[in-house]
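For reference, the structure discussed in these notes is given below.
2 protein chains.
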Amino acid sequence: MGLVVADDVLGRGLQRIQREVDACFDQLLPVPDDARAPLVEAMRYAVIDGGKRVRPMLLVTVAEMYGASRDAAVRAGCAIESIHVYSLIHDDLPCMDDDDLRHGKPTLHKQYDEATAVLAGDSLHALAFEILGGTLVSSDPFIRAELVHALASASGHNGMAGGQVMDMAADHEQFDLHGVTRLQQLKTGALLGAAVEMGAILGKVPADGRTHLRNYARDIGLAFQIADDLLDEEGDEEKAGKALRKDAEQGKATFVSLMGAEGARAQAHALSEQAIGHLSGHGKEADLLRALARFIVERDR
Amino acid sequence: MGLVVADDVLGRGLQRIQREVDACFDQLLPVPDDARAPLVEAMRYAVIDGGKRVRPMLLVTVAEMYGASRDAAVRAGCAIESIHVYSLIHDDLPCMDDDDLRHGKPTLHKQYDEATAVLAGDSLHALAFEILGGTLVSSDPFIRAELVHALASASGHNGMAGGQVMDMAADHEQFDLHGVTRLQQLKTGALLGAAVEMGAILGKVPADGRTHLRNYARDIGLAFQIADDLLDEEGDEEKAGKALRKDAEQGKATFVSLMGAEGARAQAHALSEQAIGHLSGHGKEADLLRALARFIVERDR
Chain E
231 MGLVVADDVL GRGLQRIQRE VDACFDQLLP VPDDARAPLV EAMRYAVIDG GKRVRPMLLV
291 TVAEMYGASR DAAVRAGCAI ESIHVYSLIH DDLPCMDDDD LRHGKPTLHK QYDEATAVLA
351 GDSLHALAFE ILGGTLVSSD PFIRAELVHA LASASGHNGM AGGQVMDMAA DHEQFDLHGV
411 TRLQQLKTGA LLGAAVEMGA ILGKVPADGR THLRNYARDI GLAFQIADDL LDEEGDEEKA
471 GKALRKDAEQ GKATFVSLMG AEGARAQAHA LSEQAIGHLS GHGKEADLLR ALARFIVERD
531 R
Chain F
231 MGLVVADDVL GRGLQRIQRE VDACFDQLLP VPDDARAPLV EAMRYAVIDG GKRVRPMLLV
291 TVAEMYGASR DAAVRAGCAI ESIHVYSLIH DDLPCMDDDD LRHGKPTLHK QYDEATAVLA
351 GDSLHALAFE ILGGTLVSSD PFIRAELVHA LASASGHNGM AGGQVMDMAA DHEQFDLHGV
411 TRLQQLKTGA LLGAAVEMGA ILGKVPADGR THLRNYARDI GLAFQIADDL LDEEGDEEKA
471 GKALRKDAEQ GKATFVSLMG AEGARAQAHA LSEQAIGHLS GHGKEADLLR ALARFIVERD
531 R
């Protein structure tokens with residue numbers, strides 16, 4: 231994937247999860263020998279060999295910290311990645327952000343057509359809950375139901391999709407720092423939070439033992455989005471594999487427009503350190519989470 | 231709703247479930263006091279006061295036959311209706327069927343805009359699994375996980391969405407009766423089957439005791455779609471509340487084009503009687519299911 235990752239252990243960890251997620255999707259999505267073939271090919275185009283896999287990485291790392299099976303966690307990671315990818319497919323549609331490029335490849339509606347993009351997104355959405363509801367991830371129905379509820383709550387109108395609509399409203403009304411923070415907590419933060427929460431569910435961490443993990447997730451979620459705004463302002467389109475500087479062109483409020491580039495950078499680093507602080511009760515087993523918190527603000531795409 | 235229903239008991243049953251589903255969605259979807267308001271208003275526009283509620287009716291009837299709580303079954307009914315309605319919203323989009331009218335009202339993208347229609351559909355999709363994964367329907371995690379799995383499997387690429395893609399392929403390649411049957415089993419049959427299956431799950435019917443219910447669901451699913459094709463050919467646009475005769479204009483293979491109107495009508499009635507035959511082991515408690523099987527082929531919209 232050519233990601234520049236300062237931390238060797240994290241670099242290897244990210245490469246490993248990318249391979250595992252690709253292999254899992256390859257198994258989950260055999261191309262059928264009938265008229266559904268173009269749909270499944272489009273789903274495969276979108277989910278295999280794409281993206282940094284930050285959400286599966288978070289989920290698997292937390293799950294393994296608490297002794298859950300890595301194979302099961304990777305499958306749950308594919309469920310959350312399915313939700314993330316379906317949201318990108320629908321975001322890229324002409325009636326939404328109208329983007330032509332994603333991860334350096336043509337967006338799905340450019341490669342296929344808009345109808346296939348709508349349905350491939352919908353099918354990946356369903357796939358996430360098919361993975362979690364069945365016995366692929368866990369034979370324990372309590373864990374399955376909890377995973378479903380965490381992911382569905384984080385992705386619907388009170389989570390990611392709600393944040394999307396707020397983001398659309400930000401095109402024509404000026405949000406202040408509080409408003410942008412709230413918007414991003416829903417749009418990006420909710421799903422990153424779900425990744426950590428799902429890892430904790432798989433690791434059987436009782437709900438009242440998850441506070442530090444939730445605080446960690448909240449801080450890296452915000453840091454992630456501030457870093458995204460900085461990349462949108464200063465990043466390299468070729469490395470990013472997508473169009474940049476669209477927010478600035480539209481005069482939309484972002485962390486960078488509201489705090490300035492230096493202020494935003496300082497805030498992202500402070501949040502990253504604060505996130506790491508929440509892990510003080512853990513030893514070496516949380517090193518990957520610490521490295522991820524740093525990576526999230528230092529990445530170049 | 232003004233539906234003409236020959237059977238009094240069924241007529242009252244349909245009116246009752248329509249009221250209950252509307253009340254449940256009203257409770258589930260309070261309009262938030264922030265920029266997400268237009269999204270939730272659009273979701274409410276789509277799910278409240280719309281449609282015949284055939285899927286919730288099937289689910290609730292089967293669940294009650296086996297002694298499940300009606301309130302819980304109505305909430306599960308709202309979950310399957312959320313999936314059905316999201317699929318209609320996305321189907322109506324300009325890049326799909328490009329329809330202006332649904333249930334006699336402007337389609338969602340006409341009333342709001344396309345981006346809101348995409349996101350309202352996605353949010354209803356997530357809502358379905360939020361309802362089922364949480365404790366709204368059942369405190370038994372096994373039931374929750376089974377409900378999720380049944381609904382997700384029936385709606386993704388191996389069910390409803392897969393059928394949609396086959397339907398798109400039927401625009402440019404000529405399907406035979408076998409092909410149209412397979413297409414409709416996925417596009418319409420899978421979700422009607424899930425309604426019956428979910429009722430059986432709530433009623434704690436063991437998997438090996440569901441065969442007759444599955445056979446009933448398969449037969450009414452096909453009968454439902456043949457009746458739909460007949461309505462598309464012979465129906466009244468005003469009563470239907472949507473544009474008709476689109477398939478014939480496109481020269482698309484349907485049950486009517488392949489069997490003729492009389493052949494199709496006879497087949498729908500035969501399937502409806504065959505469906506009723508599968509209920510021979512039940513007494514009066516299955517009368518609503520029998521009436522539904524007749525209603526499905528006799529309805530005028």
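Going down the list, the protein sequences come from chains E and F. The first sequence: position 232 = 462 (the numbering used here), numbered continuously. The second sequence: position 82 = 312 (the numbering used here), numbered continuously. Glycine residues also receive a C-beta, built at the ideal position from the N, C-alpha and C atoms.
For Arg283(F), there is no enclosing alpha helix (DSSP H), as DSSP marks it with neither H nor E.
Counting only runs of 4 or more residues that sit fully inside the segment 334-394 of chain E, the alpha helix (DSSP H) segments are 338-341, 344-363 and 371-385, in chain order.
By the rule that beta-carbons nearer than 8 Å mark a contact, Phe372(F) touches chain E. Rounded to whole angstroms, the gap between the alpha carbons of Asp462(E) and Cys254(F) is 42 Å. Under the 10 Å beta carbon count, His402(E) is surrounded by fewer than 16 other beta carbons and is classified as exposed. Its chain contains His442, Tyr446, Ala516, Leu519 and Arg520 as the residues whose beta carbon lies nearer than 8 Å to that of Leu509(F), once the 5 sequence neighbours on both sides are disregarded; these appear in chain order. Between His355(F) and Asp352(E), the CB-CB gap stays under 8 Å. Put simply, the CB of Cys325(E) is near chain F, with a gap under 8 Å to one of its CB atoms.
Check the Cα spacing between Met287(E) and each of Gly423(E), Glu376(E), Leu362(E) and Leu357(E): the tightest is with Gly423(E).
When the beta-carbon positions are compared, Ala453(E) and Ile526(E) come within less than 8 Å of each other. The C-beta separation of Ala523(F) from Ala505(F) comes to about 4 Å, placing the pair in contact by the 8 Å criterion.
One finds nothing in chain E with a Cβ atom closer than 7 Å to the Cβ of Met287(F); even the nearest lies about 23 Å away. The Cβ atoms of Leu421(E) and Met396(E) lie no closer than 8 Å to each other. Close partners of Ser385(E) in chain F (Cβ separation under 7 Å): Ala356. Per DSSP, Asp264(F) is not a residue of any alpha helix (DSSP H), being assigned neither H nor E.
Ala483(E) and Ala400(E) do touch by the CB rule: their CB atoms are close to 6 Å apart, below 8 Å.
Ser487(F) has a beta carbon lying at 8 Å or more from every beta carbon in chain E. Residue nearest to Arg529(E) within the set Gly419(E), Asp459(E), Leu488(E) and His314(E) is Asp459(E) (criterion: CA-CA distance). Neighbours of Pro268(E) in chain F, taken as residues at a C-beta separation under 7 Å, are given in chain order as Val395. At a cut-off of 8 Å between beta-carbon atoms, Ser353(F) makes contact with chain E. One finds Val348 and Asp352 in chain E with Cβ atoms closer than 7 Å to the Cβ of His320(F), taken in chain order.
Residues of chain F with a Cβ closer than 7 Å to the Cβ of Met398(E) are, in chain order, Ala345. Taking the Cα positions, Ile319(F) is about 22 Å away from Pro262(F).
The straight-line gap separating the alpha-carbon atoms of Arg266(E) and Ala276(F) is approximately 28 Å. A distance below 8 Å separates the beta carbons of Tyr342(F) and Pro268(F). Nearest to Lys282(F) by C-alpha distance, out of Ala272(F), Arg249(F) and Ala298(F), is Arg249(F). Beta-bridge partners of Leu331(E) (DSSP): Pro336(E). Taking CB atoms only, Met428(F) has no neighbour in chain E less than 8 Å away.
The contact set of Phe359(F) on chain E, defined by CB atoms closer than 7 Å, consists of Phe359, Val378 and Ala382 in chain order. Here the alpha carbon of Cys325(E) sits roughly 30 Å from the alpha carbon of Glu468(F).
With its beta carbon at least 8 Å from every one in chain F, Ala516(E) lies outside the interface. Take the alpha-carbon of Glu311(F) and the one of Gln455(E): they are about 35 Å apart. Secondary structure of Tyr316(F) (DSSP, three-state): helix. Annotation: Cβ neighbours of Met273(E) in chain F (cutoff 9 Å, chain order): His387.
With a threshold of 16 other beta carbon atoms within 10 Å, His408(E) falls short and is exposed. In this structure, Gly451(E) sits near Gln415(E), with a CB-CB distance shorter than 8 Å.
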